[in-house]
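>
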Amino acid sequence: MQRCPRWSPVIWLLLVAMGLSFSTRLWRPLSKAEFRSTAFSSAANISNMPSSSSSSSSSASWATIWLHGLGDNGPNNEPVQNFFNFPNMKWQFPSAPFQPVSCNYGSVMPSWFDIEELPFTAESPINEEALLVAVKKVHEMLDKQVEEGISADRIFLCGFSQGGALSLASALSYPKRLAGAAVFSGWVPFKPTFLGKATEGKQIPFLWQHGMNDPTVHFEAGQAGPPLLASHGINCEFKAYPGLQHSISAEELTYLGQWLKARMGL
Numbered sequence: 001m002q003r004c005p006r007w008s009p010v011i012w013l014l015l016v017a018m019g020l021s022f023s024t025r026l027w028r029p030l031s032k033a034e035f036r037s038t039a040f041s042s043a044a045n046i047s048n049m050p051s052s053s054s055s056s057s058s059s060a061s062w063a064t065i066w067l068h069g070l071g072d073n074g075p076n077n078e079p080v081q082n083f084f085n086f087p088n089m090k091w092q093f094p095s096a097p098f099q100p101v102s103c104n105y106g107s108v109m110p111s112w113f114d115i116e117e118l119p120f121t122a123e124s125p126i127n128e129e130a131l132l133v134a135v136k137k138v139h140e141m142l143d144k145q146v147e148e149g150i151s152a153d154r155i156f157l158c159g160f161s162q163g164g165a166l167s168l169a170s171a172l173s174y175p176k177r178l179a180g181a182a183v184f185s186g187w188v189p190f191k192p193t194f195l196g197k198a199t200e201g202k203q204i205p206f207l208w209q210h211g212m213n214d215p216t217v218h219f220e221a222g223q224a225g226p227p228l229l230a231s232h233g234i235n236c237e238f239k240a241y242p243g244l245q246h247s248i249s250a251e252e253l254t255y256l257g258q259w260l261k262a263r264m265g266l
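Going by the UniProt record's numbering, 255 is the number at position 255 of the sequence shown; the sequence numbering is gapless.
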């Protein structure tokens with residue numbers, strides 16, 4: 001089984017339009033003791049970010065749940081919302097639980113589900129049992145938004161890398177139709193038979209964006225997703241970015257904004 005490379009994936013959010021940049025921490029295999037002492041905060045990098053333009057929970061009529069990648073956390077990704085100006089949008093950035101990750105030698109780190117190997121290719125093994133546990137947690141997050149008054153068809157689910165893979169699986173299998181789901185540098189984390197569980201999920205519009213120079217989740221792994229979805233009648237727009245590695249670019253976020261606006265009727 002192939003292990004994670006010494007330095008694993010990170011998000012580089014090049015917020016060019018704002019003249020700002022944001023990055024998360026690079027990962028290497030760590031012992032449990034080392035990992036627990038590692039600082040996750042990127043406050044030094046985002047202290048000058050403008051305040052969020054999103055709506056307060058009480059006045060929001062739309063919601064976006066953003067799922068981070070392996071080894072990251074929700075607060076590190078909060079600057080994403082400042083790239084957009086949706087006054088009626090509520091953003092949620094949950095954090096994955098700490099658990100052992102096989103591809104990183106069993107090190108305990110934030111992870112939505114276990115990953116057996118990285119780089120991830122179109123032939124990499126998947127752990128659907130672990131995935132389903134994570135999917136259940138995301139469905140609970142979605143249920144909570146509905147309980148708080150946001151209609152399911154006004155909720156977007158987005159994610160990067162592992163979070164993108166989880167967003168895909170969670171949106172497809174949720175029993176209510178969501179507004180849409182976006183995958184950044186993700187992969188298909190399930191077997192084709194999983195799509196048989198999709199009911200309302202088959203009606204959801206998907207956006208999939210992937211860098212063509214991604215060394216962590218190979219481009220071919222991401223590129224294989226949309227045709228699989230299309231074969232089951234699922235609408236998925238795919239956009240490839242030459243030169244982009246395992247990160248999120250300002251160009252991707254700009255397009256996401258356009259895609260969200262179209263879904264919201266703005």
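Cβ atoms here follow ideal geometry from the backbone N, Cα and C, with glycine treated the same way.
I believe VAL101 touches LEU70 by the beta-carbon criterion, under 8 Å. Please report the beta-carbon distance rounded to the nearest angstrom.
7 Å
> Please classify GLU140: does DSSP put it in a helix, a strand, or coil?
helix
> Does the Cβ-Cβ distance between GLN209 and SER231 come in under 9 Å?
no
> Pick helix, strand or coil for THR195, following the three-state DSSP scheme.
One detail in the question is off: residue 195 reads as Leu in this sequence, not Thr. In this structure, LEU195 counts as helix in the three-state DSSP scheme.
> For the 8 Å Cβ check, are there 3 or more pairs between the stretch 89–96 and the stretch 197–215?
no
> Exposed or buried, which one is GLU252 when buried takes at least 16 other CB atoms within 10 Å?
buried
> Which whole-angstrom value describes the C-beta separation of PRO175 and GLU200, a residue pair presumed to lie in contact below a C-beta threshold of 8 Å?
The beta-carbon separation of PRO175 and GLU200, rounded to 6 Å, stays under the 8 Å limit for a contact.
> What would DSSP say about GLN92, mapped onto helix, strand or coil?
GLN92 sits in a strand when the DSSP states are folded into three classes.
> Could you compute how far the alpha carbon of PRO97 sits from the alpha carbon of LYS261?
32 Å
> Nearest CA to the CA of PHE93: which residue from GLU117, LEU67, ILE115?
Selected option, being the one with the closest Cα: LEU67.
> For HIS246, which residues from the same chain have a beta carbon less than 8 Å from its beta carbon, with the 5 sequence-adjacent residues on both sides left out?
PRO9, VAL10, SER161, SER185, GLY211, ASP214, PRO215, THR216, VAL217
> Please report the distance separating the alpha-carbon of THR193 from that of GLU128.
11 Å
> What does the alpha-carbon distance come out to for the pair SER42 and ALA60?
Per-residue confidence for SER42 stands at a pLDDT of 27, beneath the threshold of 50, marking its modelled position as unreliable; the derived number appears in the next sentence. Rounded to the nearest angstrom, the two C-alpha atoms are 27 Å apart.
> Relative to the C-alpha of LEU244, which candidate in TYR255, PHE219, THR121 has its C-alpha closest?
PHE219
> Quick check for students: name the residue ranges of the alpha helix (DSSP H) that lie wholly in the stretch 156–235, counting only runs of 4 or more.
162–173, 219–223, 225–230
> Considering only the alpha carbon of each residue, which of PHE190, ASN77, GLY265 lies closest to ILE115?
PHE190
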